[in-house]
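4 protein chains.
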Amino acid sequence: MIVVMKSGSPEAEINRISEELMGWGLTPEKIIGQHKVVIGLVGETAALDPLQIQEISPWIEQVLRVELPYKRASRQYRHGEASEVVVGTPDGPVVFGEHHPLVVVAGPCSVENEEMIVETAQRVKAAGAKFLRGGAYKPRTSPYAFQGHGESALELLAKARQVSGLGIITEVMDAAELDKIAEVADVVQVGARNMQNFSLLKKVGAQPKPVLLKRGMAATIEDWLMAAEYILAAGNPNVILCERGIRTFDRQYTRNTLDLSVVPVLRKLTHLPIMIDPSHGTGWSEFVPSMAMAAIAAGSDSLMIEVHPNPPKALSDGPQSLTPDRFDNLMQELAVIGKAVGRWQQPAVALAQK
Amino acid sequence: MIVVMKSGSPEAEINRISEELMGWGLTPEKIIGQHKVVIGLVGETAALDPLQIQEISPWIEQVLRVELPYKRASRQYRHGEASEVVVGTPDGPVVFGEHHPLVVVAGPCSVENEEMIVETAQRVKAAGAKFLRGGAYKPRTSPYAFQGHGESALELLAKARQVSGLGIITEVMDAAELDKIAEVADVVQVGARNMQNFSLLKKVGAQPKPVLLKRGMAATIEDWLMAAEYILAAGNPNVILCERGIRTFDRQYTRNTLDLSVVPVLRKLTHLPIMIDPSHGTGWSEFVPSMAMAAIAAGSDSLMIEVHPNPPKALSDGPQSLTPDRFDNLMQELAVIGKAVGRWQQPAVALAQK
Amino acid sequence: MIVVMKSGSPEAEINRISEELMGWGLTPEKIIGQHKVVIGLVGETAALDPLQIQEISPWIEQVLRVELPYKRASRQYRHGEASEVVVGTPDGPVVFGEHHPLVVVAGPCSVENEEMIVETAQRVKAAGAKFLRGGAYKPRTSPYAFQGHGESALELLAKARQVSGLGIITEVMDAAELDKIAEVADVVQVGARNMQNFSLLKKVGAQPKPVLLKRGMAATIEDWLMAAEYILAAGNPNVILCERGIRTFDRQYTRNTLDLSVVPVLRKLTHLPIMIDPSHGTGWSEFVPSMAMAAIAAGSDSLMIEVHPNPPKALSDGPQSLTPDRFDNLMQELAVIGKAVGRWQQPAVALAQK
Amino acid sequence: MIVVMKSGSPEAEINRISEELMGWGLTPEKIIGQHKVVIGLVGETAALDPLQIQEISPWIEQVLRVELPYKRASRQYRHGEASEVVVGTPDGPVVFGEHHPLVVVAGPCSVENEEMIVETAQRVKAAGAKFLRGGAYKPRTSPYAFQGHGESALELLAKARQVSGLGIITEVMDAAELDKIAEVADVVQVGARNMQNFSLLKKVGAQPKPVLLKRGMAATIEDWLMAAEYILAAGNPNVILCERGIRTFDRQYTRNTLDLSVVPVLRKLTHLPIMIDPSHGTGWSEFVPSMAMAAIAAGSDSLMIEVHPNPPKALSDGPQSLTPDRFDNLMQELAVIGKAVGRWQQPAVALAQK
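Residue numbers (the numbering used here), protein chains in the order written: chain A, 874 to 1227; chain B, 874 to 1227; chain C, 874 to 1227; chain D, 874 to 1227.
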């Protein structure tokens, strides 16, 4: 923490401030410049609020934090190494991480009935996905819109998991439902609208299933890493960060603005694995392939793509869902980029045949 | 709902779409223009998602909603009349509404100890506030920051209520704590970060205490009214909307951008009472008076202002808190504007003396 | 300027950096903390780019500027005093400034014909305005929209000026037209879209007429003050800053988001007078009165309001224009607030009669 | 254009509106729905402002445009075909377009001296770039920052062009300098800050050199296409659109938010070629490679990358510039993606050798 004094600050005031800060257990060190005096604060400053120090004296011009406010989420916390999030699925463990093949998650926005979820699971599995996404509880802007089938949808996800061998990723909206969800889900998702629902973050952090943390619509990267820090601090080290588009001034042609630059930025700041969701990121299925390609080239560890057997009839998010056929094609297009950057998994069968 | 067809759409396709929409229970009516065909949809379209209709055919260029997506929150729902939210307090009912005097809510960000909360309550009461704000459960960006004293703080609020006669407004972050909070609070607050925590909205909507709904950092006015609609649809008609600043590209000198234009906009769209929070809106106590004055002149029904007996020592949000002395002065400044616009309550004593 | 080194930076590197910075004419002073080393830079750092220093070494974590990047625009430049911009008009000098009565500027978006501009001038004069606004050259999003009547409109403004006694404020879009415009205009306006047209800023700074500088749609307050600095540095000390709404994520009900908090923020940072334009700020005439009232209460020095004799027939910006009758009423409403805060000019007649 | 009437609109008023609109040369067609009446307007509506129609009657709820406001820039204008912008360079014509190899533009932010610009030109040419970028006139936030060497820098660009065989792209900030710039430049750049400097747009549209139009910081895609429309309408059909990052709420780790989704969106809306500038888009050289890879995978037609022989000594934008060595490596990385998507030019030599 660095305290910058206004020009002309009286020496007595600078001394008074230094003493007060010593009382807080800090070691202040003065630099006397030509126009200004600056006080460097040495000690445990991570829990301090710069704004609080500001209030000590009207002669303080600015208080600047030079340490990161997150710790467990920082890349330094693992000495620069990426972490791996290993998720058990019926077909064996799948690893999310910088040095592993791209993991594709696919499926419908919401679980509508057994036939559609099982069929979708089988189709996306065949195309190369490792996880099935599908909402049992749906956050909807309108109270009059379909809110998800709830508990019965969880059963259908369990069925689809068993039949397809895919892992399951589904969203928790209410801590009261967490146990039921965690019974079925291999990864528990916290949605964008709940990214700063700190009660929920503490609770998903206190249970053992890996957590997919979507970025809030207006969350800075620092806000997002602080939300991850809540989960990590509560004891759960398995967090995957998912970018799904941010809210900007232009929403005419895309629902959100997909911020792909998070890939290199997060890579620098954190050890946690990164997922990109181009379906929510753009809101329109026709823009998904281009952004999915870009995400792989940018270095994403994972992709989440909405697939629905009949998008026009989908109970939610139809316009951003691909058909299974379109998803098959996309996977072939993605393979081209994935292989070019060395992040595409060789099919097991092909390997066995060699 | 209006469906705009692409130029050159085949007549057969237009007929097919019309038939499909009839199957949805709607009455389509065609207008054949020079370049385009447009289909007007008559019937119950409120629950429909325009995007879903879009998906029926690639020949559809746009689907435009012409009805409001919110109903109970709309001004029309009350035939143009403003609603009144009447809150019982120890000193009698206080009314929030367009045709009533401005209601001032004041108090610290968080309840720190008995002395500070009682002292603050007495000071803000003396200055003319009707409600005490104070957090027992605090949403904090960092898991390492002070999270509020929880249940014990609720007891202190109850004490301050009893001593001062003020009503209490405090935030609920977790539905599990709602009952305890509603026992003490006269108004239950849903914070900006939980504005789209739909599970929580349903629960505060299903209990009887009035709800203060803060606008989310990146919530459009429509999102905000839809969040209010969740509460209204769950059966609670007593919702107050509180603007507390939105997130924009400029955060160097203010923490948020206080959007005062919500006052005339909400007045037009909804019957619900409006509160402005210039403390969170600007983030700095020195900017609070100017924005509080502006809020009254703009026509706000209520103000929420942070007051702390010793801001530099506050456990949270010190920089945006006024001292009780500064708050006394501010109330006098506000009275000037409040009287000018006819929204200032005559002090009870003065009335009695007449 | 403060250079924060990464933890574990080698001493040799810190010394190398210090030497390099001495070569730039700066005096580096080290503070050695528990985890970090910080280098304070003393000397002429105003022209330096923090990012450039960052590049000296990969061991540099952050470079923080502690000086303001603007100088002539800063409040300190005038030792905390507000500046006054005195504008000569046919009816005598009008002063824009913190310690002077509110100045109201009114008129149509664009000058359409002699009758309308003269009539509008007379009406707004009668209601209490001191300046007539009206565009001869109009920045329009579409090349197919009305672009202003240009030179002939300047003649009509000169006529309206003569007839009404009002000062004239009109926009310059092209430096080639500056001379002609400055012949007629008492204040030359630089529009929001040209706020960072640095060539134009230099040219309006090199001529003698006062300049009204509108804030760019996505300009931070610092960007805006730096744009003012261009004009001041070119030799013209008479700059008025005009807020006209910024671009945010919500544009459904208002065209822009009027950022009234600039009033207290600018008051703190700069000595320059402040104007608020609620017409562009909201985009709808029905929201103008509420925001104009708020602007005065917030402490604005001036207001710019669009008035058109027949808004539905206006060639541009009709929906945000008031009729002259509505403007008359508004001036009476504004007087109530203006008087309450002591910023309303006593009518000359009234004074004479005393 | 579609006019939506408020519920309960009197029939007489609907008829009056219809008649008024007929007076404007339009053919109104009514649809009478259950709750609402909607009037479809047939005729030449492109030049009409929806807001103007809105003003005809207080009974009008909304006016919705269903036609695009841009014409020459639209994909339909070329019947769905992409356009090609062919630029003559000393080494022969280079084509920008959807069905052509990726064109790489590289070079420093500003031209500093002969040695640096010639050296950079030779290095980027050797690595595969087709154009040299370099500023003679620089838009800088501060009037005290280096503003470019102006005319003498143009001579150096001419020299570098001759020596290297590269085409030249350089920015025009002032119409007065356009002729001199167009003498040297093969492509004239309009910068982000001047995207809505309509005077300048008209002038670059009236000269024959191709124009690179950067997206404004807060320009919607529609604003951007309308700016292109100004150039096209003035007679110059050769416009390239360059995304360079937009301004959002998060600017802590990147200077702007690079909006890569413009690639598929523009592809759908317009026939014009697309360029991505990851250097300004992110502001930091370390993030450039990842975003450059992503841009190619997304389908961009061109890339603009800042390269400086000694970034820490650059007079502007050092932190976002790559060294020539780093650029060499990057071109090899880009080739991998470029070949995978079939957009990489085979080197002439290699082709000759086959």
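All residues carry an ideal CB built from backbone N, CA and C; glycine is no exception. If you're wondering where the values come from, they're calculated on a predicted model, not measured in any experiment.
{"Query": "Taking the beta carbon of P1162 of chain A as the centre, do at least 16 other beta carbons fall within 10 Å, making it buried, or is it exposed?", "Result": "buried"}
{"Query": "Are the CB atoms of S1134 of chain A and M1090 of chain D nearer to each other than 8 angstroms?", "Result": "no"}
{"Query": "Any idea which residues DSSP pairs C1115 of chain B with across the strands?", "Result": "B:K1087 and B:M1148"}
{"Query": "Quick one: which residues of the segment 882 to 906 of chain D get their C-beta closer than 9 angstroms to a C-beta of chain B? List them in chain order.", "Result": "T900, E902, K903, I904, I905 and G906"}
{"Query": "Just to confirm my understanding: we take V877 of chain B, look at its own chain, exclude 5 residues before and 5 after, and list those with CB closer than 6 angstroms. What are they?", "Result": "V911, E934 and Q935"}
{"Query": "Can you list the residues of chain D that L1098 of chain B reaches, using a CB-CB cut of under 7 angstroms?", "Result": "Those do not exist, as L1098 of chain B stays about 17 angstroms from chain D at its closest Cβ, beyond 7 angstroms."}
{"Query": "Cutting at 6 angstroms between CB atoms, please list the residues of its own chain near L899 of chain D, excluding the five before and the five after it.", "Result": "L914 and G916"}
{"Query": "For a contact defined as C-beta to C-beta under 8 angstroms, what are the partners of I1094 of chain A on chain C?", "Result": "Within chain C, no residue comes near I1094 of chain A; the closest Cβ sits about 15 angstroms away, beyond 8 angstroms."}
{"Query": "Take every Cβ of the segment 882 to 896 of chain D, pair it with every Cβ of the segment 1192 to 1201 of chain B, and state whether three or more of those distances are shorter than 8 angstroms.", "Result": "no"}
{"Query": "Got a sec: is the Cβ-Cβ distance from G1154 of chain C to anything in chain D below 8 angstroms?", "Result": "no"}
{"Query": "Exposed or buried, E1116 of chain D, counting other C-beta atoms within 10 Å across all chains shown (16 or more means buried)?", "Result": "buried"}
{"Query": "Using CA atoms only, rank isn't needed, just tell me which of B:D1047, B:A1065 and B:A1092 is closest to S1072 of chain B.", "Result": "B:D1047"}
{"Query": "Would V1138 of chain D and A1171 of chain D be called neighbours here (beta carbons separated by less than 8 angstroms)?", "Result": "no"}
{"Query": "How would you label Q1020 of chain A, buried or exposed, when you count the other beta carbons within 10 angstroms and need 16 or more for buried?", "Result": "buried"}
{"Query": "Does chain D have any CB closer than 8 angstroms to the CB of R1128 of chain A?", "Result": "no"}
{"Query": "Can you name the residues of chain B whose CB is closer than 7 angstroms to the CB of Q935 of chain D?", "Result": "V939"}
{"Query": "Kindly say whether P1067 of chain D, judged by its beta-carbon, lies nearer than 8 angstroms to any beta-carbon of chain C.", "Result": "This sequence places Asn at residue 1067 of chain D; Pro is not what is there. Chain C, which has a Cβ nearer than 8 angstroms to the Cβ of N1067 of chain D, makes this yes."}
{"Query": "Compare the C-beta of P1192 of chain D against all C-beta atoms of chain C and say whether one is closer than 8 angstroms.", "Result": "yes"}
{"Query": "In chain B, what lies closer than 9 angstroms to A854 of chain A by C-beta?", "Result": "In the structure as shown, chain A begins at 874 and stops at 1227. Residue 854 of chain A is therefore absent and cannot be evaluated."}
{"Query": "Could you round the C-beta distance between M1204 of chain A and M1177 of chain A to whole angstroms and report it? I think they count as a contact, below 8 angstroms.", "Result": "With 8 angstroms as the limit, M1204 of chain A and M1177 of chain A do not qualify as a contact, their Cβ atoms being about 14 angstroms apart."}
{"Query": "If you follow the alpha helix (DSSP H) that V1172 of chain C is in, where does it begin and where does it stop?", "Result": "It is Gly, not Val, that sits at residue 1172 of chain C in the sequence shown. Note, G1172 of chain C: premise wrong, no alpha helix (DSSP H); not H, not E."}
{"Query": "Could you list which residues in chain D have their beta carbon closer than 8 angstroms to that of I1169 of chain A, in chain order?", "Result": "A1170"}
{"Query": "Is the number of C-beta pairs between the segment 1028 to 1046 of chain A and the segment 981 to 991 of chain B that are closer than 8 angstroms three or more?", "Result": "no"}
{"Query": "Listing by chain order, which chain D residues have their CB less than 9 angstroms from the CB of T918 of chain A?", "Result": "Per Cβ cutoff of 9 angstroms: no residues; T918 of chain A is ~19 angstroms from chain D at best."}
{"Query": "For V1046 of chain B, return the contacting residues in chain A, with the cut-off set at a CB-CB distance below 7 angstroms.", "Result": "It is Met, not Val, that sits at residue 1046 of chain B in the sequence shown. Ordered by position in chain A, the residues that pass the 7 angstroms Cβ test against M1046 of chain B are F1071 and S1072."}
{"Query": "Unbroken beta strand (DSSP E) runs of length 3 or more, entirely within the segment 989 to 1045 of chain D: which are they?", "Result": "1004 to 1006 and 1040 to 1044"}
{"Query": "Tell me, to the nearest whole angstrom, how far the beta carbon of Q1080 of chain B is from that of A1055 of chain B; I am working on the premise that it is less than 8 angstroms.", "Result": "6 angstroms"}
{"Query": "In chain order, which alpha helix (DSSP H) runs of at least 4 residues are fully inside the segment 918 to 965 of chain A?", "Result": "923 to 927"}
{"Query": "Once the 5 residues before and after A1107 of chain A are set aside, which same chain residues still bring their CB inside 6 angstroms of it?", "Result": "K1075, G1078 and A1079"}
{"Query": "Which class does G916 of chain C belong to by DSSP, given the choice of helix, strand or coil?", "Result": "coil"}
{"Query": "Looking at the secondary structure, which residues open and close the beta strand (DSSP E) in which A979 of chain D lies?", "Result": "V976 to G980"}
{"Query": "The alpha helix (DSSP H) spanning K1075 of chain B covers which residue range?", "Result": "F1071 to G1078"}
{"Query": "What's the gap between the Cα of S956 of chain C and the Cα of T1130 of chain C?", "Result": "27 angstroms"}
{"Query": "Is L1203 of chain D near the ligand COA, judged by its Cβ being under 7 angstroms from some heavy atom?", "Result": "No copy of the ligand COA appears in this structure; indeed no ligand is present at all."}
{"Query": "Which residues in the same chain as S930 of chain B place their Cβ atom closer than 7 angstroms to its Cβ, once the five residues preceding and following it in sequence are excluded?", "Result": "E886 and I890"}
{"Query": "Residues bridged to V876 of chain A by DSSP?", "Result": "A:I912 and A:V936"}
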